[in-house]
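Step one of this worksheet: look at the structure below.
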Amino acid sequence: MRSVVWSLMTVAAVALAGCNNSSNPSSSTDNGSEAPQGPAHSVTGTISLRGGIAPSAQDKLDISIVDVTAQGSTPLATKTIAPATTFPMTFELDFNPANVATNDLYIVQAELTDGDRHYTMPLQAPVLTKGNPSTNVSIELSPEQTPGEKMLVAFQGVQKQIGGMKRTAGTKLEKDSSLAWQVFREDGQVKFIRELVDYGDKGFTSTDYAYKDGKPWVVEQQKKPSQGAKPTSVDTAGWGDDGSLVLKTHDAGGTTSTLSDDDAANLQQQAKDTLNMATGGKGK
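Residue numbers (mature numbering (1 follows the signal peptide of the UniProt record, and there is no 0)): -17 to -1, 1 to 267.
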C-alpha cells in the first residue's frame, strides 16, 4: 500500500511541474541555448573615410540597401545625412522584414558628396541574406579625383610629351617687356605653347598653354621675381569641352585656394592672344 501511495504522489508532482512550465514559458531551448530571434528589421554599422581628407560642412552622405539580384528595384531602405562631418560614423537603416527576398543578394551602398569631390566604396558590403550580417557592418569610403584633378593630370601628361612634338620658336620686344615662346604642334595642330615674359624689375612669368581643337584647354602661369627664382604663385585654369570652367586653383605660399572667375577669364584671353600672336593669326 505504501508503494502505491508514493507512486501516486510522484505522478502528481510531475503533472504539477508540467503545468508550471506551460504557464511560464522560457526564452531558452531544451539544451539551454537562446531561442532563435525573428528576422532582422535593420542594418547597423560604421562608415569611415580613407585618405585622411576631412569633408567640409557642405557634404552629404547617402546610404541605402539595394537588391543586387533584382536590379532597378526600389531600395529596401535609404537615408541621407547632411552635413556628415564626423567620421567614423555609425548608421542604422530600418526596413520591413516582409520586403526581404531571402534568395536575393543585398548590399549597402554609401556615397559622400563634398562639392566636386565624391567618396565611394571600393568594396561591396553584402548584408542580410546568404549568411551575410545585419549588424557591425564596416564600410570604408575612398575619395575619387575631382574633374579638375583629372584635368590637371591629363595636362601634366601633355607637358611630358611636348619633347616629341614639332617645335617652332619666336621672340618679341615690347616697351615694358620681352617675350619668347615655343610652339609645339602635332598632326598640324597647335597642342602647346610655352611663353616666357621678362618684365625687368617688375618680375617674370612662365606660362604653359595647352589647346584642344584650337581652343584654350588648360593654362598654368607661374609668377616669379626673376627668371631663375622660385615661383611666388601659380595660377591654373582649365575648361571643359562645353567651355565651362573645370579647373581653377591659386597656389601661393604653400596654400591652395580657388582661382577667381575673373582671373581664370584673363588666363583664357591670354591663351587666345598668345595663340594668335605665335601663329600669325592662323590659329594652327
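Quick reminder that beta carbons are idealized off the backbone N, C-alpha and C, glycines included.
Closest residue to residue i among the options (Cα-Cα distance)
i, options, result
"Leu106", "Ser160, Gln253, Ile30, Lys206", "Ile30"
"Gly221", "Glu169, Met260, Gln139", "Gln139"
"Asp246", "Thr57, Leu228, Thr52, Ala261", "Leu228"
"Gly226", "Lys198, Ser160, Arg33", "Lys198"
"Asp87", "Gly114, Ser125, Asp244", "Gly114"
"Ala152", "Met134, Gly171, Ile176", "Ile176"
"Met174", "Val201, Thr154, Gly183", "The sequence shown places Lys at residue 174, not Met. If we check each option's Cα against that of Lys174, Val201 comes out closest."
"Met260", "Ala248, Glu178, Gly183, Asp196", "Glu178"
"Gln144", "Glu169, Leu135, Ala81", "Glu169"
"Glu75", "Asn82, Thr52, Asp45, Ser39", "Asp45"
"Met134", "Ser39, Asn249, Tyr194", "Tyr194"
"Asp224", "Thr129, Asp196, Leu156, Gly183", "Asp196"
"Val166", "Asn82, Ser243, Gly266", "Gly266"
"Ala84", "Thr52, Asp244, Ile64", "Thr52"
"Thr262", "Thr154, Thr238, Ala248", "Thr154"
Distance, residue j Cα to residue i Cα
i, j, result
"Val120", "Val26", "8 Å"
"Gly147", "Asp191", "16 Å"
"Thr92", "Ile48", "Residue 92 is actually Gln in this sequence, not Thr. One C-alpha to the other measures close to 6 Å."
"Val180", "Arg100", "35 Å"
"Ala235", "Val217", "7 Å"
"Ala137", "Gln210", "26 Å"
"Val110", "Ser117", "6 Å"
"Ala23", "Pro71", "24 Å"
"Lys185", "Gln204", "16 Å"
"Thr232", "Ser240", "6 Å"
"Thr73", "Gln142", "45 Å"
Secondary structure of residue i, DSSP reduced to three states
i, result
"Met72", "strand"
"Asp244", "helix"
"Thr215", "coil"
"Val51", "coil"
"Lys149", "strand"
"Gly140", "helix"
"Glu203", "strand"
"residue 280", "The requested residue 280 does not occur in the structure, where the chain is confined to residues -17 to 267."
"Thr27", "strand"
"Glu132", "helix"
"Lys185", "helix"
"Leu111", "coil"
"Leu258", "helix"
"Ala84", "coil"
"Gln210", "coil"
"Gln41", "coil"
Assigned exposure category for residue i - 16 Cβ within 10 Å defines buried
i, result
"Ala60", "buried"
"Asn4", "For Asn4, the predicted structure reports a pLDDT of 44, less than 50, and the residue's modelled location is therefore unreliable. The matter cannot be settled from this model."
"Thr188", "buried"
"Asp77", "exposed"
"Lys158", "exposed"
"Gly171", "exposed"
"Thr257", "buried"
"Asp50", "buried"
"Ala254", "buried"
"residue 269", "This structure gives no information on residue 269, because the portion of the chain shown stretches from -17 to 267."
"Gln251", "buried"
"Tyr98", "A small fix is needed here, since residue 98 is Gly in this sequence, not Tyr. With fewer than 16 Cβ atoms within 10 Å of its Cβ, Gly98 is classed as exposed."
"Gly28", "buried"
Cβ-Cβ distance between residue i and residue j below 8 Å
i, j, result
"Gly131", "Leu230", "yes"
"Ser96", "Lys149", "Per the sequence presented here, residue 96 reads as Thr, with Ser not at that position. Not a contact, by the Cβ cut-off of 8 Å."
"Lys207", "Thr219", "no"
"Thr112", "Tyr89", "yes"
"Gly34", "Ser125", "yes"
"Asp40", "Thr68", "It should be noted that the sequence gives Ala, not Asp, for residue 40. In this structure, Thr68 lies closer than 8 Å to Ala40 by Cβ."
8 Å Cβ cutoff, residue i in contact with chain D
i, result
"Asp191", "Judged by its chain identifiers, the structure shown contains no chain D, having just a single protein chain."
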